[in-house]
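FYI, the working numbering numbers position 498 of the sequence shown as 604, with every residue one higher than the one before it. Reading through the structure tokens given below for one structure.
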Amino acid sequence: MTSKTAELLKGAAELFPDEVVTQAHVRHLDLPSGAGKFALITLDNGLDHTKPTTFGPASLANLDAAIDQVEKEAADGEIKGVGITGKPFIFAVGADLKGVGQLTRHEDALAIGRGGHDVFKRLSALAVPTFAYYNGAAMGGGVEVGLHCTYRTVSAALPAFSLPEVFLGLVPGWGGCALLPNLIGADRAVSVIIENSLNQNRQLKGKQVYELGIADALFEGADFLEESLRWTSAVLRGEVEVTRAEVDRGEGWDAAVARGKEIADSKVHGAAPAPYRALDIITQAKNGDLRQGFEAEDSALADLIMSGELRSGLYAFDLVQKRAKRPAGAPSKELARPVTKVGVVGAGLMASQLGLLFARRLEVPVVLTDIDQERVDKGVAYCHEEIDKLLLKGRVNQDKANRLKGLVTGSLDKAASFADADFVIEAVFEEMGVKQKVFAEVEAVVPEHAVLATNTSSLSVSEMASQLKHPERVVGFHFFNPVAVLPLLEIVRGEKTDDASLATAFAVAKKLKKSAVLVKDAPAFVVNRVLTRFLGEVLASIDEGTPVEVADRALGPLGLPMSPIVLLELVGPAVAHHVSQTLNAAFPDRFAVSANLGRVVEAGKRNLYLPGTLEIDPAVAALFETGDTQLTEEQVRERALNAIAEEIRLMLDEGVVAEAQDIDLCLITGAGWPFHLGGITPYLDREGVSERVTGRRFLERGTASVPAA
């Protein structure tokens with residue numbers, strides 16, 4: 107690499123004191139069939155597969171030194187080729203981003219991009235062919251280092267291969283945006299770089315990597331390296347000729363970029379710059395000028411590293427990967443009691459989803475109950491049908507499917523069904539009297555140690571437990587719909603909930619593979635309280651006279667997963683109306699009940715828009731009685747954001763959760779709010795809303811934002 111970049115990279119390394127350094131070990135071997143001496147570089151950080159190999163500044167320097175060695179050997183004719191592979195199960199998973207949050211200068215960020223390019227592109231400049239052997243998980247820079255090689259092989263056992271940068275708020279900046287479309291065509295590259303990344307970082311399997319043309323050969327995992335070396339020998343001896351499909355550099359390229367923009371617009375609505383910067387680079391790569399493409403990657407990477415969206419994205423990633431696994435305020439897991447049987451009160455859609463989840467994750471008997479046999483049969487049938495779908499998709503084998511179906515049964519007899527249950531959850535009608543009656547019936551028949559859980563979305567857990575003999579074992583266990591998709595589980599501690607019951611709830615949540623957040627028993631808890639306040643302001647502006655379409659577009663610049671009215675339709679007007687009534691009773695000065703929404707519910711309407719459109723249904727419009735105050739999109743947005751900021755500050759002051767980070771984690775995992783917002787508080791801080799409304803920021807400067815230099 108250049109001395110200037112080396113100097114900048116050395117400076118950047120000082121900001122990465124905790125880098126887990128990757129070594130680049132060079133060993134020499136004789137290729138099969140007399141193809142000659144070969145140098146194999148193995149990337150290894152000295153840890154097992156649970157600590158994947160990454161590239162920080164020191165790691166790049168180690169790879170650079172290894173290339174120094176093989177470059178000389180190649181120039182001297184001592185070797186016929188160079189290969190690069192990873193430790194068992196891991197090839198490399200990209201840049202070490204831990205230190206990025208500490209960068210305060212654009213030139214340091216630029217050094218990260220240039221350093222990667224300067225090292226990686228040396229592989230393509232060697233005097234001998236180079237080979238990447240994707241033996242295990244490869245992401246980001248791990249994928250890109252292989253793209254700089256002449257040839258690539260991939261293991262059929264490879265579980266995860268992706269360029270996830272756009273998902274995090276970056277671009278594939280070490281060759282991905284420039285090299286991949288020139289290798290496999292722009293359309294396939296857009297699928298990998300934009301579409302997969304924005305679909306919750308969808309991963310490719312080894313076979314898909316080969317079928318896309320990223321890899322030239324596919325070998326089974328058991329003898330992957332041996333077969334790759336045998337293939338390498340055949341290539342070097344001229345026995346195997348690698349041919350690749352011609353890349354369409356005409357209209358097909360332009361159409362691919364246009365498709366990428368449509369995907370980005372549908373996912374982030376122009377609110378996050380990363381996908382658009384990636385598409386700009388892909389557009390420039392059309393002429394095949396890699397030098398120009400690499401420079402564009404350097405520039406984009408540096409700009410994005412210094413952006414608030416990237417810092418928010420890294421903050422959000424850290425919440426999901428770390429805080430979600432160590433819930434704030436959870437009791438010691440040693441207090442948790444074993445759960446060997448689960449009861450579900452209710453057999454409707456929500457209850458059936460819960461029954462299926464408990465059976466799949468806990469693999470213990472699950473019994474559904476309801477008020478008549480028809481409902482019970484329908485709930486059990488739903489679970490069995492979903493298991494059959496898993497079988498058809500190859501997610502489970504026949505034995506596992508049979509076993510899971512055997513675990514899910516139904517009964518009208520709570521006494522017989524729940525007598526040996528350790529955990530019973532109710533998912534019945536959202537009405538306090540109904541839930542209290544259910545819990546009284548359940549308490550009379552379950553063992554003394556059994557945890558009684560409620561899936562209530564807004565009602566008081568303490569009040570629900572108040573008439574029981576043992577209120578200490580009642581806990582809120584609030585899932586989000588669809589249960590199989592949204593990871594959040596709000597675990598609510600009632601006034602008398604004891605540590606053992608709470609610890610059991612957290613242990614169950616972990617087995618269910620959910621992100622559990624401890625919340626106080628406050629009206630609507632976290633997600634529904636924030637969403638109801640935000641939605642309430644939008645509905646209020648409509649009630650006052652703002653056209654529905656204008657109010658619905660107002661939050662577009664945030665890049666939320668759906669607009670307010672679409673969210674209302676997803677939740678269901680009746681449910682949203684009920685939650686607003688609950689919150690209005692608790693906080694009448696901030697939560698209004700929309701008379702128009704009430705009329706929609708009374709009329710039995712589930713949708714405000716005509717099917718498949720964003721046009722208001724004339725029948726719904728006829729129900730509306732509005733004023734004559736019309737706000738602009740900007741005014742509606744300011745009103746909604748001010749309300750959210752106020753509500754979050756009040757929730758923190760009330761101790762609903764431990765910290766602002768928990769509210770952000772809830773919105774990311776329970777409502778699908780995007781990483782580039784960091785949930786919501788980093789965005790409110792960045793836009794100055796927090797200080798304008800509450801007089802202070804939610805997060806310290808440097809948390810989810812660029813630190814002061």
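Note that beta-carbon positions come from the ideal geometry of N, C-alpha and C, so glycine has one too.
Range covered by the beta strand (DSSP E) that runs through Gln-129: The sequence position of residue 129 within the sequence shown is 23, counting from 1. Taken as a continuous stretch (DSSP letters only), the beta strand (DSSP E) holding Gln-129 covers 129-137.
Own chain, CB closer than 6 Å to Gln-504, minus 5 neighbours either side, in chain order: For the purposes of this step, residue 504 is identified with residue 398 of the sequence shown, where counting begins at 1. Excluding sequence positions up to five before and after Gln-504, its CB lies less than 6 Å from no other CB in the same chain.
Exposure of Val-591, with buried meaning 16 or more beta-carbon neighbours within 10 Å: Along the sequence shown, one-based indexing puts residue 591 at 485. The residue is exposed, with fewer than 16 neighbouring Cβ atoms inside 10 Å.
Val-551, enclosing beta strand (DSSP E) - first and last residue: Working through the sequence shown from its first residue, we reach residue 551 at position 445. Per DSSP, Val-551 belongs to no beta strand (DSSP E) and is neither H nor E.
Simplified DSSP assignment, three categories, for Ile-320: By 1-based counting over the sequence shown, the position of residue 320 is 214. Correct three-state label for Ile-320: coil.
Continuous beta strand (DSSP E) assignments of at least 3 residues falling wholly in the segment 321-384: 323-325
Coil, strand or helix - Leu-594 by DSSP: Position 488 of the sequence shown, counting from 1, holds the residue named residue 594. Note: Leu-594 maps to strand in three-state DSSP.
Residues that DSSP places opposite Lys-626 in a beta bridge: Within the sequence shown, residue 626 is the residue found at index 520, counting from 1. Answer by DSSP bridge pairing, in chain order: Arg-599.
Bridge-paired residues (DSSP) for Val-656: On the sequence shown, position 550 is the one that residue 656 refers to. Answer is none; Val-656 lacks a bridge partner.
Sheet register partners of Glu-532 (DSSP bridge): Position 426 of the sequence shown, counted from the start, is the residue given in the question as residue 532. Answer is Val-451 and Thr-560, bridged to Glu-532.
Residue environment, Thr-603, which counts as buried when at least 16 other CB atoms sit within 10 Å: Along the sequence shown, one-based indexing puts residue 603 at 497. Burial call: buried.
Assigned secondary structure, Gly-461 (DSSP; H/G/I helix, E/B strand, else coil): The residue labelled residue 461 in the question sits at position 355 within the sequence shown. Three-state result, Gly-461: helix.
Rounded Cβ spacing between Gly-282 and His-254 (contact assumed at less than 8 Å): In the sequence shown, counting from the first residue as 1, residue 282 sits at position 176. In the sequence shown, counting from the first residue as 1, residue 254 sits at position 148. Their Cβ separation, rounded to whole angstroms, is 10 Å, which puts Gly-282 and His-254 out of contact at 8 Å.
Inter-stretch contact at 8 Å, needing at least 3 Cβ pairs: the segment 146-154 / the segment 188-196: yes
Where Asp-192 sits in the DSSP three-state scheme: The residue you call residue 192 lines up with position 86 of the sequence shown. Note that residue 192 is Gly in the sequence shown here, rather than Asp. Secondary structure of Gly-192 (DSSP, three-state): strand.
Buried or exposed (CB count within 10 angstroms, at least 16 for buried), Met-570: Counting from one through the sequence shown, the residue named residue 570 turns up at place 464. Classification for Met-570: buried.
Sheet register partners of His-584 (DSSP bridge): Translated into the one-based positions of the sequence shown, residue 584 becomes position 478. Looking at the DSSP assignment, His-584 forms a beta bridge with Glu-596.
With 16 other Cβ atoms within 10 Å as the buried cut-off, status of Phe-535: Here residue 535 corresponds to residue number 429 of the sequence shown, with the count starting at 1. Label assigned to Phe-535: exposed.
Exposed unless 16 or more other CB atoms sit within 10 angstroms - verdict on Met-668: For this step, residue 668 is matched to residue 562 along the sequence shown. Per the 10 Å Cβ criterion, exposed.
For Arg-397 and Thr-610, the rounded distance between their alpha carbons: Residue numbering aside, residue 610 sits at position 504 when the sequence shown is read from its first letter. Residue numbering aside, residue 397 sits at position 291 when the sequence shown is read from its first letter. Thr-610 and Arg-397: Cα-Cα distance of roughly 57 Å.
Under the three-state DSSP convention, the category Arg-397 falls into: Sequence index remark: in the sequence shown, residue 397 carries index 291 (1-based). Three-state DSSP puts Arg-397 in a helix.
Bridge partner(s) assigned by DSSP for Gly-516: As a position in the sequence shown, residue 516 is number 410, starting the count at 1. For Gly-516, which the question treats as bridged, DSSP gives the partners Leu-474.
Selection from Val-636, Leu-664 and Ile-196 that minimises the alpha carbon distance to Glu-752: Position 646 of the sequence shown holds residue 752. The shortest Cα separation from Glu-752 among Val-636, Leu-664 and Ile-196 belongs to Val-636.
Residue nearest to Gly-449 in terms of C-alpha spacing, selected from Glu-440, Ala-422, Val-486 and Ala-436: Against the sequence shown, residue 449 aligns to sequence position 343. If we check each option's Cα against that of Gly-449, Val-486 comes out closest.
Whole-angstrom C-beta distance between Gly-651 and Gln-542, which should lie under 8 Å: Taking the first residue of the sequence shown as position 1, residue 542 is located at position 436. Taking the first residue of the sequence shown as position 1, residue 651 is located at position 545. About 42 Å separates the CB atoms of Gln-542 and Gly-651; that is not less than 8 Å, and the two are not in contact.
Under the three-state DSSP convention, the category Ile-774 falls into: In the sequence shown, residue 774 corresponds to position 668, counting from 1. Ile-774 carries a helical assignment under DSSP once its states are collapsed to helix, strand and coil.
Own chain partners of Asn-288 with C-beta closer than 7 Å, once the 5 adjacent residues on each side are dropped: One-based indexing of the sequence shown puts residue 288 at position 182. Cβ neighbours of Asn-288 beyond the five flanking positions: Val-353, Ala-391 and Gly-394.
As assigned by DSSP and simplified to three states, the class of Pro-696: For the purposes of this step, residue 696 is taken as the residue at position 590 of the sequence shown. Checking the sequence, you will find Arg at residue 696 rather than Pro. Note: Arg-696 maps to coil in three-state DSSP.
Length of the line joining the Cα atoms of Leu-232 and Arg-308: Here residue 232 refers to the residue found at position 126 when the sequence shown is read from its first residue. Here residue 308 refers to the residue found at position 202 when the sequence shown is read from its first residue. The straight-line gap from Cα to Cα measures roughly 33 Å.
Cβ shell of Val-374 (< 6 Å), same chain only, five flanking positions each side left out: By one-based count along the sequence shown, residue 374 stands at place 268. Hits under 6 Å: Gly-665.
Tyr-239 - containing beta strand (DSSP E), residue span: Numbered from 1 along the sequence shown, position 133 holds the residue referred to as residue 239. Run containing Tyr-239: 236-240, per the beta strand (DSSP E) assignment.
Inter-stretch contact at 8 Å, needing at least 3 Cβ pairs: the segment 220-236 / the segment 252-268: yes
Member of Asp-526, Gly-512 and Gly-162 whose CA lies at the smallest distance from the CA of Ala-198: Here residue 198 corresponds to residue number 92 of the sequence shown, with the count starting at 1. Of the listed residues, the one whose Cα sits closest to Ala-198 is Gly-162.
Three or more C-beta pairs below 8 Å linking the segment 754-767 and the segment 671-689: no
Short CB-CB distance (under 8 Å) between Ala-391 and chain B: Absence of chain B from the displayed structure is noted, only one protein chain being present.
Within 8 Å, strictly: CB atoms of Ala-582 and Glu-601: Counting from one through the sequence shown, the residue named residue 582 turns up at place 476. Counting from one through the sequence shown, the residue named residue 601 turns up at place 495. The question names Ala, but residue 582 in the sequence shown is Gly. Cβ atoms of Gly-582 and Glu-601: not closer than 8 Å.
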